DNA sequence: ATATAGACGTA
DNA sequence: CGTACGTCTATATC
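Residue numbers (our numbering): 611 to 1503.
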């Protein structure tokens, strides 16, 4: 890369790459399975390999003229002197890792890269010192580090390369990126970290203060010093907590400040890349048994030599963006038949405000942007034809479908959706907005769309840029789906399901206002009665919905025994209240519990009432990209958590009714699908047999475990086994099981052991699932859906245990999600093909709710049960049960 | 208006 | 100290 200096002749812009050797090697170590990277002599090389590929990639991509790698040393740093608990609680570094650092240093030496350590300091401090020197010397500096503390180094000329989930996923963080993500300029990032604390380094912060609050304070008072100076002006609990923990905050800040004035054995100018020592590389790579890497290393050298001679005058921007403000039909006529059209859209609420359509031909991008509300009928027809006759790429297609409908037209087959693609590639991300995806997959920043503006002289270039990003994203994402064997799941399942969900949302579900109003009236009455009774029991009013006020009443006024601790006091949840009632028999507790119950019900009914639309139906939104396991979720309102467990709660389901033109609601659900999948995937013969007996599953299993005849299984034994079975699929501990069953921990442990004696295959399976996930980095469902769990290798015991439980559960919950999605899609397809009016309205994880015409009832039941039970081929049948009725309540079974 | 904690509904 | 979700209320602070 070149730039012109003031004298007018070209000079090379110097670029310095500094890598945190330890942190990058550590990530590589955990990302790559050691058994694939062990030499014939037994030397583990996964960290060496991972580090080397990562470094090569950085060099190839950024072509630095100067480069250095910094390492920590064994000598404790000054930070530990200041705070002995620093980084305490971290797991011991694995032995196989330690040995590889030496090898990495050897690799660096053979390829001509400088490495640096300094006793008493951390690699971070070396990075900071070099970054500062580089910046001052006018160099462009890239700092590769997995430590967020390095963000404080960012300036106009210093960027941080921060690894994402996988080692291949490297994000460039500049000032804008940090501000976008954390809400403060980079130099203040450590101020936030000091306030919130740092778990990994065992540095507690101010309780109750998270990233948002910290960022707000720091911005308001212009830095941490200002925050502390004005601590007395910050009122309330948080202000109090801040003043109380000032010492912690100051300590955190001292510890996370990186030193920029270390005496190092090298100056930045010394850090040029030396030629690769080919012979040494050959010898070392022979030992390491790296073969493919050799060529990349040698190529690197060749490029470095020629780098200085190339006069790089090519324009990088080869795309010409054509923006047309009129002549829509004329533009359309020029679109080639085989062009792939990327669509970007801009909304005001749900309404489509503007649209950009983009396609690329050889070296040129073409884009047309328009505001659909100004289209004439003919033009609108043209647009429909254009979109239906071409392959289309979108972002959030379901939203676009709804918006198109509001404009007065429907789009049939919309092909690709980059949001779904990104979701399948990384289902744990909580956000798939276009700017986020652009940054992550294209390393291109995209301005976050401003609020939509009205036409008059508006600038469409931003929207055009978005359409181009949609187009480019698909190229990248689909390729990645193919290499990860996810393309089939995407095309064959998620895309069709998205179109199905659009239909579900469009239809909505009819509500009986009479039932809702009746319920509201009753519940309001009951709430008032319980409230009154509660007040009388203690002799005064109190806000029953305030845990804080309740604590005062229960533990101070009434001096009741303390319950389990929460963050700021003692719990007042239902479980604890029941326990307190058993101990104290105080009537207040009864009334409080009744009040909780009734007010919760009323709140649900109120929510439903306000969600009923003008058509008398509720149109929920199904989220297809939020649940990391592959499940759907439902929002505004959530129709997947309507009460079902109590008769009282079920009455709310009585308000869900067939709409005009329909006669019944039909529900069909999989019975015990997760346990069946456990049986199938674990191949546990006893469990499969228990299912095949056709008798009550938990009862049969209890008889097997306790070696008694089925008739002798008591309800208590049955429920113990039931709890154990479901608990296991969630990674339940002996402690948790003991809590749930009200038995001692040793008893719970014994129960688990006994269970596994009979169902050994289940235990083996669960163990294997976690191990495989640890090695591969992800779990997979039967249909190949992945969930990445990098924390399986975390040094943090808590994080690791959490990831292990998620790993146990993800393949089971995820496979069940795959199956019901497929079943739903097939049911809808068959209903459509048969020309039936009956239709699917809701999906509740293992259940479908349909609205049925009486004359079609038998056929629909047949279709639903056949299709659902046939949706997957397992070693045991998928049982489906169904119910029909005049409401969701009556359709229960 | 917005963030956080606590509680609780579903599979 | 059991997985996966969403929503409501209180509370504190803007």
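Glycine is no exception: its CB is placed at the ideal position from the N, C-alpha and C atoms.
Fair warning: this is a prediction, and the values are worked out from it, not measured in the lab.
Going by DSSP, residue 750 is part of the beta strand (DSSP E) stretching over 750-754. Annotation: residue 946 to residue 1214 spans about 53 angstroms, alpha carbon to alpha carbon. DSSP, read as helix, strand or coil, puts residue 1345 in helix.
In summary, residue 1234 is buried, with 16 or more beta-carbon neighbours lying within 10 Å of its beta-carbon over all protein chains present.
Pairing residue 1185 with residue 1251, the inter-Cα distance amounts to about 20 angstroms. The DSSP assignment places complete beta strand (DSSP E) segments of no fewer than 3 residues inside the stretch 941-1010 at 950-958, 961-971, 974-980, 1001-1004, in order along the chain. As DSSP reads the structure, residue 1026 sits in a beta bridge with 1003. According to the DSSP assignment, residue 1280 belongs to the beta strand (DSSP E) that extends over 1274-1280. The residue from 1378, 837, 1009 with its alpha-carbon nearest to that of residue 953 is 1009. Here residue 1119 carries a strand assignment [DSSP, helix/strand/coil]. Looking at the DSSP output, residue 1043 sits in no beta bridge, so it has no partner there. Shown here, residue 1303 sits in coil according to DSSP, grouped into three states, outside any helix or strand. Assigned with DSSP and collapsed to three states, residue 709 falls in helix. Here the stretch 848-860 does not lie against the stretch 720-727, with fewer than 3 beta-carbon pairs under 8 angstroms apart.
Taken through DSSP and simplified to helix, strand or coil, residue 1352 comes out as coil. Here residue 1459 is actually not in contact with residue 1448; their C-beta atoms are around 12 angstroms apart, not less than 8 angstroms. If only complete runs of 4 or more residues are kept, the stretch 822-887 shows the alpha helix (DSSP H) at 834-839, 846-854, 856-866, in order along the chain. Taking a cut-off of 8 angstroms for Cβ pairs, the stretch 1347-1356 and the stretch 1272-1290 do not touch, as fewer than three such pairs fall below it. Unbroken alpha helix (DSSP H) runs of no fewer than 4 residues, entirely contained in the stretch 1434-1502, are found at 1467-1479, following chain order. Taking 7 angstroms as the cut-off, the Cβ atoms of residue 741 and residue 770 do not count as close.
Beta-bridge partners assigned by DSSP to residue 814: 807. In the DSSP assignment, residue 630 falls within the unbroken beta strand (DSSP E) covering 625-630. Here residue 1129 really is in contact with residue 1262; their C-beta atoms are around 7 angstroms apart, less than 8 angstroms.
Shown here for residue 1165: same chain residues with a beta carbon closer than 7 angstroms to its own, the five before and five after excluded, namely 1172, 1180 in chain order. 7 angstroms or more divides the Cβ of residue 982 from the Cβ of residue 951.
Spatial neighbours of residue 1126 in its own chain (CB-CB distance under 8 angstroms, excluding positions within 5 residues in sequence) are listed in chain order as 1215, 1218, 1219, 1222, 1265. Taking a cut-off of 8 angstroms for Cβ pairs, the stretch 1227-1246 and the stretch 1104-1118 touch, as three or more such pairs fall below it. Here the alpha carbon of residue 1469 sits roughly 10 angstroms from the alpha carbon of residue 1444. Under the DSSP definition of a beta bridge, residue 1173 lacks any partner. Counting only residues of its own chain and dropping the five nearest sequence neighbours on each side, residue 1389 has a CB closer than 6 angstroms to the CB of 1383, 1397, 1417, 1420, 1421. Within the same chain, 794, 824, 828, 833, 834, 837, 863 come within 8 angstroms of residue 801 by CB-CB distance, once the 5 residues on both sides are set aside. DSSP places residue 1222 in the strand class (E or B) of the three-state scheme.
Excluding sequence positions up to five before and after residue 655, its CB lies within less than 8 angstroms of the CB of 647, 648, 649, 710, 713, 898, 899, 900, all in the same chain and listed in chain order. With distances taken between CA atoms, residue 631 lies nearest to 735 out of 735, 624, 1107. Distance from the CA atom of residue 1297 to the CA atom of residue 856, rounded to whole angstroms, is 57 angstroms.
Shown here for residue 772: same chain residues with a beta carbon closer than 6 angstroms to its own, the five before and five after excluded, namely 781, 783 in chain order.
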